[in-house]
Structures are given as structure tokens and as C-alpha cells.
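K.L.:
Plus 32 on top of the position in the sequence shown (first one is 1) and you've got the working numbering.
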Amino acid sequence: MIRALALVLILSSAQLALAADPTASLRPVPRGGDTAQQPVTLAPSGAIEQPAQSAAQDDAKQRGGLFSSLRPLFRSNKAAREGRAQQRLLQKGAVCGDIAIQGEPVGRVTGKIRGCVIENAVRVRSVAGVGLSQKSVMDCTTAGALKTWLEGSAKPALAKKGGGLKTLRVAAHYACRTRNNQKGAKLSEHGKGRAIDISAFKLHDGTEVSVLTGWNAQRFSQAMRRMHKGACGPFGTVLGPNANRFHRDHFHFDTARYRSGSYCR
């Protein structure tokens with residue numbers, strides 16, 4: 033009992049000593065090394081005070097030197113490089129940041145029907161070396177899907193036909209209208225710059241095969257079906273002659289996306 037009482041008195045005395053001298057601390061003090069360090073002291077509140085910075089450090093901060101953040105500098109340099117690269121592509125006729133997509137930027141496009149809007153639209157004249165029969169307005173997502181389809185399906189499908197694919201005959205691109213031009217129908221993807229209709233394919237030897245006649249033609253039916261199937265994936269909606277009476281003479285491709293995956297008929 034006496035020993036326990038003595039221990040309590042000793043601890044109480046130690047606490048009183050610490051309260052009387054706020055600079056005393058049980059926290060470890062940084063050890064000295066080869067490089068001299070400024071001492072770490074305690075404020076009356078017990079918080080650790082940071083060592084004062086030298087005049088040289090303060091001057092460096094004011095001048096935006098090493099002690100200021102380097103991230104904005106790196107971001108600015110990166111943005112400048114990207115801007116110069118984009119400018120070079122534009123000078124070469126590229127849009128969407130892709131040299132394979134040739135055309136010109138259009139900007140924001142609006143129509144008379146609510147929702148007929150394209151942000152950052154482009155007017156495309158050729159994709160992956162294949163010309164379009166008319167300059168077509170669309171967004172960059174659709175232009176990119178068209179490139180993927182041409183390189184992965186259309187060009188390979190017609191590679192051994194008449195010297196290969198030269199031009200796509202475009203039946204429709206951006207148009208502020210309802211689906212299939214039906215009164216009361218929902219807004220078409222054409223009205224959002226997400227669709228393109230292709231009615232025929234012109235080859236390097238001058239041959240032009242239409243979807244209407246080529247779909248069941250012995251020479252081109254296999255290639256037609258390969259192109260139709262290959263569009264399913266790059267595009268969210270793919271419609272052809274077997275879809276309905278509105279698409280007997282052309283392929284409709286758009287980049288609408290569905291939870292269940294691409295819709296292809």
C-alpha cells in the first residue's frame with residue numbers, strides 16, 4: 033500500500049514538472065547528423081513549430097523557383113505540346129486528332145427540332161484513305177467508328193474486288209429529323225450527328241456496287257454480308273436490307289449504345 037502511494041506521488045510530481053516547463057517533451061528530438069538541422073521546438077500549445085525558412089527559400093518562392101509547385105509548369109508544357117500537335121494535324125487536313133480522318137472542324141451544330149445538337153462537329157471528306165461521295169457532318173465518335181469499320185471490315189471485304197474500295201456513296205449524314213422521317217417518331221440519331229447511311233461502294237476500277245443490287249448478287253453478296261456483320265460492334269445500331277422496308281437500299285450505321293449491346297439486323 034505504501035509503495036503504491038509513493039509511485040502515485042512520483043508520477044504526479046513529474047506531471048507538474050512538465051506543466052511548469054512547456055519546452056520539455058517526451059517526444060524524440062531529431063538526431064544530429066552530418067548536415068546541421070534547425071532545432072524542433074514546442075509552442076506553448078504543445079504543437080511542433082516548423083523551422084523558419086531561409087531568406088533564399090522565401091526569395092525562390094516569390095520568383096516561382098524550385099520551392100514552388102512544378103506541376104503547373106509540367107501541365108503547361110504538356111498542353112502546349114498537345115496544342116502544337118493538334119495544329120499540325122489541322123494543317124494536314126486531319127480532324128478528331130487522327131490523320132486518318134480528313135475533313136474540317138465545324139463546331140456546334142443545332143437544328144429546328146429540340147435535341148438536334150452536335151457539340152464539336154466535324155465535316156468529313158475521307159476516312160482511312162476511302163473518300164466519301166459527299167462531305168458528311170458527324171461527331172468524332174462516329175468518325176472513329178467509321179474508321180474502325182473501314183479498316184477492319186469494309187476494305188478487307190472488297191480488297192480483291194476491282195482493285196479495292198475507293199469511295200463510299202453516302203446517302204445521309206447529319207439531318208435534323210425523326211426516325212425514318214415518320215411523323216411523331218423519336219428523334220433520329222442522324223439529328224445528333226451519330227449516324228451515317230451508305231448506299232453503294234465504288235471500287236478503284238470504276239465499278240460501283242449498290243447495297244440494293246449487291247446484297248443478293250453472286251459476286252458481292254458475301255462481301256456485303258461481311259461488311260454488315262463487321263459494323264456490329266464499332267457501331268451501336270446496324271441496319272441493312274433484312275431489317276425493314278426503310279433499309280432495303282442502304283446500310284444505316286449509328287453510335288447509339290444499348291445496355292444489351294449492339295442492335296444489328
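Even for Gly, the Cβ is constructed at its ideal location relative to N, Cα and C.
Taking the C-alpha atoms as reference points, what is the distance between Ser158 and Trp181?
P.N.:
Walking along the sequence shown from the start, residue 158 turns up at place 126. Walking along the sequence shown from the start, residue 181 turns up at place 149. If you take the alpha carbons of Ser158 and Trp181, they lie about 13 Å apart.
K.L.:
Pick from Val138, Ala117 and Arg140: whose alpha carbon is nearest that of Ile131?
P.N.:
The count along the sequence shown starts at 1 and reaches residue 131 at position 99. Ranking Val138, Ala117 and Arg140 by Cα distance to Ile131 puts Ala117 first.
K.L.:
Count the other CB atoms, across all protein chains shown, that sit within 10 Å of the CB of Thr142; report buried if there are 16 or more and exposed otherwise.
P.N.:
Working through the sequence shown from its first residue, we reach residue 142 at position 110. Exposed, because fewer than 16 other Cβ atoms sit within 10 Å of the Cβ of Thr142.
K.L.:
Should Ala79 go down as buried or exposed, given a rule of 16 or more other Cβ atoms within 10 Å for buried?
P.N.:
Within the sequence shown, numbered from 1, the residue matching residue 79 stands at position 47. Caution is warranted here: a pLDDT of 39 is assigned to Ala79, below 50, making its placement in the model unreliable, and the coordinate value is therefore given only provisionally. Counting Cβ neighbours within 10 Å, Ala79 comes out exposed, since fewer than 16 surround it.
K.L.:
At the level of alpha carbons, what is the spacing between Asn276 and Ala112?
P.N.:
For this step, residue 276 is matched to residue 244 along the sequence shown. For this step, residue 112 is matched to residue 80 along the sequence shown. For Asn276 and Ala112, the distance between alpha carbons rounds to 50 Å.
K.L.:
Under 6 Å Cβ to Cβ from Lys167, same chain only, skipping five residues before and after it: list those, please.
P.N.:
Within the sequence shown, residue 167 is the residue found at index 135, counting from 1. Correct list, in chain order: Arg155 and Arg157.
K.L.:
Alpha helix (DSSP H) containing Thr174: first to last residue?
P.N.:
Counting from 1 along the sequence shown, the entry for residue 174 is found at position 142. Where Thr174 is concerned, the enclosing alpha helix (DSSP H) stretches over Cys172 to Trp181.
K.L.:
Just curious, the beta strand (DSSP E) that Leu271 is in, first and last residue?
P.N.:
As a position in the sequence shown, residue 271 is number 239, starting the count at 1. Taken as a continuous stretch (DSSP letters only), the beta strand (DSSP E) holding Leu271 covers Thr269 to Leu271.
K.L.:
Using the C-alpha atoms, what's the distance from Arg201 back to Ser165?
P.N.:
Looking up residue 165 in the sequence shown gives position 133. Looking up residue 201 in the sequence shown gives position 169. Between Ser165 and Arg201, the C-alpha separation is close to 5 Å.
K.L.:
Output yes or no for whether 7 Å exceeds the beta carbon distance between Gly176 and Thr239.
P.N.:
Against the sequence shown, residue 176 aligns to sequence position 144. Against the sequence shown, residue 239 aligns to sequence position 207. No, the pair does not count as a contact, with Cβ atoms beyond the cut-off.
K.L.:
Anyone know if the C-beta pair for Asp229 and Ala207 falls short of 7 Å?
P.N.:
Working through the sequence shown from its first residue, we reach residue 229 at position 197. Working through the sequence shown from its first residue, we reach residue 207 at position 175. Going by C-beta atoms, Asp229 is not nearer than 7 Å to Ala207.
K.L.:
Pick helix, strand or coil for Ser294, following the three-state DSSP scheme.
P.N.:
Here residue 294 corresponds to residue number 262 of the sequence shown, with the count starting at 1. Here Ser294 sits in coil by DSSP.
K.L.:
Can you tell me where the beta strand (DSSP E) with Arg280 in it begins and where it stops?
P.N.:
For this step, residue 280 is matched to residue 248 along the sequence shown. Segment: none, Arg280 is in no beta strand (DSSP E) and carries neither H nor E.
K.L.:
Using a 10 Å radius around the Cβ and a threshold of 16 neighbouring Cβ atoms, would you call Phe233 buried or exposed?
P.N.:
Residue 233 sits at position 201 when you count from the first residue of the sequence shown. Result: buried.
K.L.:
Beta carbon of Val243, beta carbon of His282: below 7 Å?
P.N.:
Counting from 1 along the sequence shown, the entry for residue 243 is found at position 211. Counting from 1 along the sequence shown, the entry for residue 282 is found at position 250. For Val243 and His282, yes; Cβs fall inside 7 Å.
K.L.:
Quick check on Gln119: buried or exposed, where buried means 16 or more other Cβ atoms within 10 Å of its Cβ?
P.N.:
Taking the first residue of the sequence shown as position 1, residue 119 is located at position 87. That one is exposed.
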